[in-house]
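Taking it in order: structure first as structure tokens, then the write-up.
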Amino acid sequence: MSYIQPAEFAAKMVDAGESKIFMSTKDTLIRAYMAGAILALAAAFAVTIAVNTGNFLVASLLFPVGFCTLYLLGFDLLTGVFTLAPLAVIAKRPGCTWAGVLRNWGLVFIGNFAGALTVAVFMAIIFTMGFSQEPNDVGQKIGKIGEARTLGYAAAGGAGLLTVFIRAVMCNWMVSTGVVAAMMSNSVSGKIMAMWMPILVFFYLGFEHSIVNMFLFPS
254 MSYIQPAEFA
264 AKMVDAGESK
274 IFMSTKDTLI
284 RAYMAGAILA
294 LAAAFAVTIA
304 VNTGNFLVAS
314 LLFPVGFCTL
324 YLLGFDLLTG
334 VFTLAPLAVI
344 AKRPGCTWAG
354 VLRNWGLVFI
364 GNFAGALTVA
374 VFMAIIFTMG
384 FSQEPNDVGQ
394 KIGKIGEART
404 LGYAAAGGAG
414 LLTVFIRAVM
424 CNWMVSTGVV
434 AAMMSNSVSG
444 KIMAMWMPIL
454 VFFYLGFEHS
464 IVNMFLFPS
């Protein structure tokens with residue numbers, strides 16, 4: 254697995270954050286678009302598994318394939334750059350500013366949303382046979398999940414707002430752990446193993462991932 258001690262990969266995290274800040278607008282948007290699209294496909298994949306097998310644990314076990322794929326390809330999720338980009342400023346890397354961090358976050362948000370929305374439209378076409386019929390079982394399930402994650406929380410008022418906030422915090426904790434854990438190994442298999450565990454945890458526990466919701470809400 255080629256395990257790397259946390260003290261050793263700390264510098265790699267700062268280097269990664271610095272590269273995000275100085276990345277060109279075009280490259281940032283492309284990487285973010287692809288990340289949003291791949292994670293949205295993984296969400297559709299997981300819901301399809303849950304509907305067809307009736308087993309949400311199996312779906313949760315397989316959902317991380319999307320996160321691992323986009324990470325290994327060098328694409329960027331908003332939840333990942335939330336962790337890495339600020340480190341370059343905190344470490345006082347030359348030229349790294351909070352304005353640069355906010356620029357990166359904004360571009361990644363736009364790219365992630367565009368990618369997730371594209372997949373949402375494509376999957377809606379697939380689930381409804383080109384909008385010519387009612388959604389199939391998977392499409393209906395995705396719609397119900399999206400409804401529960403909006404109207405369900407709204408119906409609970411302040412308690413719902415608190416719940417969704419805590420679920421979002423816990424999700425970002427797990428996803429950030431996955432991003433950092435991937436740096437604990439030099440091997441592809443080691444990176445996959447390290448990422449798989451926290452992503453499995455967040456998905457099975459129903460935490461709120463902003464990019465996944467970018468797919469679920471429009472769907």
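When the sequence shown is numbered by the numbering used here, its final residue is 472 and no position is left out of the sequence of numbers.
Backbone N, C-alpha and C define an ideal beta-carbon position, used for all residues, glycine too.
For residue i, three-class secondary structure by DSSP
i, result
"S463", "helix"
"A409", "coil"
"S313", "helix"
"D280", "helix"
"Q393", "helix"
"M382", "coil"
"E261", "helix"
"K273", "helix"
"F328", "coil"
"K444", "helix"
"N220", "Lying before the first or after the last residue shown, residue 220 is absent from the chain, which here runs from 254 to 472."
"F456", "helix"
"E400", "helix"
"F335", "helix"
"A297", "helix"
"G348", "coil"
"P388", "coil"
"P451", "helix"
"F468", "helix"
Residue nearest to residue i in terms of C-alpha spacing, selected from the options
i, options, result
"A401", "F298, P259, F460", "F460"
"M450", "G399, G270, S440, V433", "V433"
"M376", "A352, T306, C349, F470", "F470"
"V441", "L323, I283, V417", "L323"
"A312", "F456, M467, H462", "F456"
"A295", "G327, L404, T381, F316", "F316"
"M423", "T350, L458, F328", "L458"
"A341", "W426, I302, K265", "K265"
"V354", "F320, I274, T416, L314", "I274"
"T332", "V361, L414, L370", "V361"
"F335", "W426, V465, T416", "W426"
"K345", "D268, K444, S429", "D268"
"A260", "M446, A297, S438", "S438"
"V475", "G319, A290, G307, D280", "With the chain covering 254 to 472 only, the question about residue 475 has no answer from this structure."
"L325", "A297, A299, R284", "R284"
"M276", "L314, G359, A290", "G359"
"I398", "I379, I363, V454, M467", "M467"
"G348", "A421, Y286, E271", "E271"
"G443", "C321, V454, D280, L415", "C321"
"V374", "T278, A297, T281", "A297"
Cross-strand partners of residue i (DSSP beta bridge)
i, result
"S438", "Y256"
Distance between beta carbons of residue j and residue i, contact taken as under 8 Å
i, j, result
"A338", "N357", "5 Å"
"M436", "I257", "7 Å"
"L292", "V465", "6 Å"
"A288", "F328", "4 Å"
"G524", "I445", "With the chain covering 254 to 472 only, the question about residue 524 has no answer from this structure."
"A407", "G413", "6 Å"
"A290", "V372", "5 Å"
"T416", "A409", "7 Å"
Tell me, please, whether the stretch 297 to 307 touches the stretch 390 to 397 by the rule of three or more beta-carbon pairs shorter than 8 Å.
The stretch 390 to 397 and the stretch 297 to 307 touch, with three or more beta-carbon pairs separated by less than 8 Å.
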